[in-house]
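Top line first, the protein sequences correspond to chains Y and A.
So that you can map any letter, position 14 of the first sequence is 24 in this note's numbering, and since no number is skipped, the others follow by simple counting.
So that you can map any letter, position 14 of the second sequence is 82 in this note's numbering, and since no number is skipped, the others follow by simple counting.
Glycine residues also receive a C-beta, built at the ideal position from the N, C-alpha and C atoms.
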Amino acid sequence: SAVISQKPSRDICQRGTSLTIQCQVDSQVTMMFWYRQQPGQSLTLIATANQGSEATYESGFVIDKFPISRPNLTFSTLTVSNMSPEDSSIYLCSYYRGEVGEAFFGQGTRLTVV
Amino acid sequence: GDSVTQMEGPVTLSEEAFLTINCTYTATGYPSLFWYVQYPGEGLQLLLKATKADDKGSNKGFEATYRKETTSFHLEKGSVQVSDSAVYFCALSSGSARQLTFGSGTQLTVLP
């Protein structure tokens with residue numbers, strides 16, 4: 011089965027600081043996705059990360075706040091910048107494996123901003 | 069754009085009761101459909117999937133059938149257990165990027 015590793019698994023951060031979340035997959039994938047799950051809510055897509063080009067952001071999310079890197083086909087990072095308590099959420103990375111028709115998720119990063 | 073409408077929760081059932089969680093969708097093209105489950109304190113896990121019309125996904129006693137004519141993918145289980153208590157998310161993926169669109173989630177609590 012596919013493996014997607016995400017770290018850190020959790021962190022508590024001071025407001026105004028930034029946190030970079032890393033996501034490593036065990037096979038080459040064209041697109042990776044970053045989601046946010048706010049407390050008690052569903053998952054919202056933040057952006058799609060393409061290798062070799064800038065990420066595509068969904069409405070309500072901007073690159074200055076959530077810069078994304080995608081240096082190769084197996085790795086991506088999401089940075090949550092200038093954090094405030096409203097950024098406290100679970101952040102998840104994901105990719106879709108077409109040959110098995112399934113989307114895989116990392117275990118998530120539980121972020122608390124104090 | 070794509071959207072998923074999921075039955076409002078929370079849902080509380082007694083052990084061995086029958087479960088249905090409704091899910092309908094709107095999408096362009098031919099989406100794949102998923103049910104994900106999130107157990108307390110854990111991450112998102114794929115429960116079952118269906119990639120084309122009339123496919124039935126099944127796992128752990130749960131089933132869902134991809135109904136193109138009614139644009140639905142309802143989750144069912146004949147006899148729920150306490151260990152099934154979790155949040156269930158219906159989702160679809162479509163388009164060239166295959167990003168997921170999630171429903172709002174349904175909290176299921178099963179009482180002994």
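Suppose the cutoff is 7 angstroms on Cβ atoms and the five residues either side in sequence are ignored; what does the same chain contact list for residue i look like?
| i | result |
| --- | --- |
| S94/Y | R25 and V123 |
| V39/Y | L83 and Y105 |
| T27/Y | M93 |
Could you name the residues of the same chain whose beta carbon sits closer than 8 angstroms to that of residue i, not counting the 5 residues immediately before and after it, in chain order?
| i | result |
| --- | --- |
| E76/A | S172 and T174 |
| E68/Y | T54, L55, I56 and A57 |
Our contact map puts residue i next to residue j with C-beta atoms below 8 angstroms; I'd like the distance itself, whole angstroms only.
| i | j | result |
| --- | --- | --- |
| S140/A | C91/A | 6 angstroms |
| G118/Y | G111/A | 5 angstroms |
| L168/A | A113/Y | 5 angstroms |
Tell me the DSSP secondary structure of residue i in three-state form.
| i | result |
| --- | --- |
| P95/Y | helix |
| D70/A | coil |
| V110/Y | coil |
| S151/A | helix |
| A65/Y | coil |
| E76/A | coil |
Could you name the residues of chain A that residue i contacts, counting a contact when the two beta carbons are closer than 9 angstroms?
| i | result |
| --- | --- |
| Y106/Y | S100, S161, A165, R166, Q167 and L168 |
Which same chain residues end up closer than 6 angstroms to residue i when comparing Cβ atoms and leaving out the 5 residues on each side of it in sequence?
| i | result |
| --- | --- |
| V155/A | Q106, G173 and Q175 |
| I100/Y | Q47, G118 and R120 |
| Y93/A | V72, T139 and L160 |
In chain Y, which residues lie with their C-beta within 9 angstroms of the C-beta of residue i?
| i | result |
| --- | --- |
| F157/A | S52 and L53 |
| S172/A | Q51 and S52 |
Show which residues of chain A have a CB atom less than 7 angstroms away from the CB atom of residue i.
| i | result |
| --- | --- |
| E112/Y | L114 and K117 |
Determine, using beta-carbon pairs with one atom in the region 75-95 of chain A and one in the region 57-71 of chain Y, whether at least three such pairs fall under 8 angstroms. Taking a cut-off of 8 angstroms on C-beta distances, the region 75-95 of chain A does not touch the region 57-71 of chain Y, as fewer than three cross pairs fall below it.
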